[in-house]
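So the structure is just underneath, and the comments pick up after that.
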Amino acid sequence: MRISARADYAVRAVLELAVRRGGGDPVKAESIAAEQDIPHKFLEGILGDLRRGGIVDSRRGGGGGYRLARDPAEITVADVIRAVDGPIVSVRGERPTGLTYTGSAQPLLPLWIALRANVRRILEGVTIADIAAGQLPAPVRELAAEPAAWENP
158 MRISARADYA VRAVLELAVR RGGGDPVKAE SIAAEQDIPH KFLEGILGDL RRGGIVDSRR
218 GGGGGYRLAR DPAEITVADV IRAVDGPIVS VRGERPTGLT YTGSAQPLLP LWIALRANVR
278 RILEGVTIAD IAAGQLPAPV RELAAEPAAW ENP
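The numbering of the sequence shown is my numbering, which starts it at 158 and goes up by one.
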């Protein structure tokens, strides 16, 4: 599985909005781009997708900008990724449930389904509030603490 630059930038932008939430004022895209080192033009497209996905709201004008549309505790990492990239796990651009295999390849389908279930379990179990507070859920911390998790075979 690969996390696209678009998904990474989207999560970082939403996280930036979450930590700046206390002020209540909308945050300009330029400010998010500068703080998170995200190309501004690329970020504008991402913010548009996040707005259409119900993750952020936008306001035009001099005092305009972006802010979260929901409480950060109600926004999962999976929500953000789906808003900008679509389904979290796909095989050849299709959802695993839409695939069929024959012969010796039949065991691949439950493998892809299991992969999707595990990825969803992690990404749907972590909220933007968790990350903003620096408090990842225990299952995520435990997986990340395994030395093999940090190795590239």
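From the three backbone atoms N, C-alpha and C, an ideal C-beta is built for every residue, glycine too.
Measure the alpha-carbon distance for Asp287 versus Ala191 and round it to whole angstroms. 23 Å
C-alpha distance - Gly202 paired with Gly260, whole-angstrom precision:
Within the model, the alpha-carbon separation for Gly202 versus Gly260 is close to 43 Å.
Closest Cα partner of Arg163 within the set Thr257, Leu266, Arg239, Pro296:
Comparing alpha-carbon positions, the option among Thr257, Leu266, Arg239, Pro296 lying closest to Arg163 turns out to be Arg239.
Handout entry: Cβ neighbour criterion (16 or more within 10 Å) applied to Gly291
Key = exposed
Measure the C-alpha to C-alpha separation of Asp165 and Thr257 and round it to an integer number of angstroms. 31 Å
Handout entry: Identified DSSP bridge partners for Val283
Key = Per DSSP, Val283 has no beta-bridge partner at all.
Open item on the list: The alpha helix (DSSP H) that contains Val184, what's its start and end?
Closed with: Segment: none, Val184 is in no alpha helix (DSSP H) and carries neither H nor E.
Mind pulling the beta strand (DSSP E) runs of 3 or more residues that sit fully within the segment 184-236? Entirely contained in the segment 184-236, the beta strand (DSSP E) runs reaching 3 residues are, in chain order, 213-216, 222-225.
task: May I have the straight-line CA-CA distance separating Gln193 from Tyr223, to the nearest angstrom?
output: 15 Å
Self-check item: Expected contact under 8 Å - CB spacing of Leu225 and Arg298 to nearest Å
Solution: Between Arg298 and Leu225 the Cβ distance is about 25 Å, and since that is not below 8 Å, they are no contact.
Practice item. Give me the Cβ distance between Leu200 and Ala186, rounded to the nearest whole Å; I'm assuming they're in contact under 8 Å. Key: 6 Å
Under the rule that 16 or more other beta-carbon atoms within 10 Å means buried, what is Leu160, buried or exposed? Rather than Leu, the amino acid found at residue 160 in this sequence is Ile. Exposed, by the Cβ-count rule.
Taking the straight line between their C-alpha atoms, what separation do you get for Pro253 and Arg209? 25 Å
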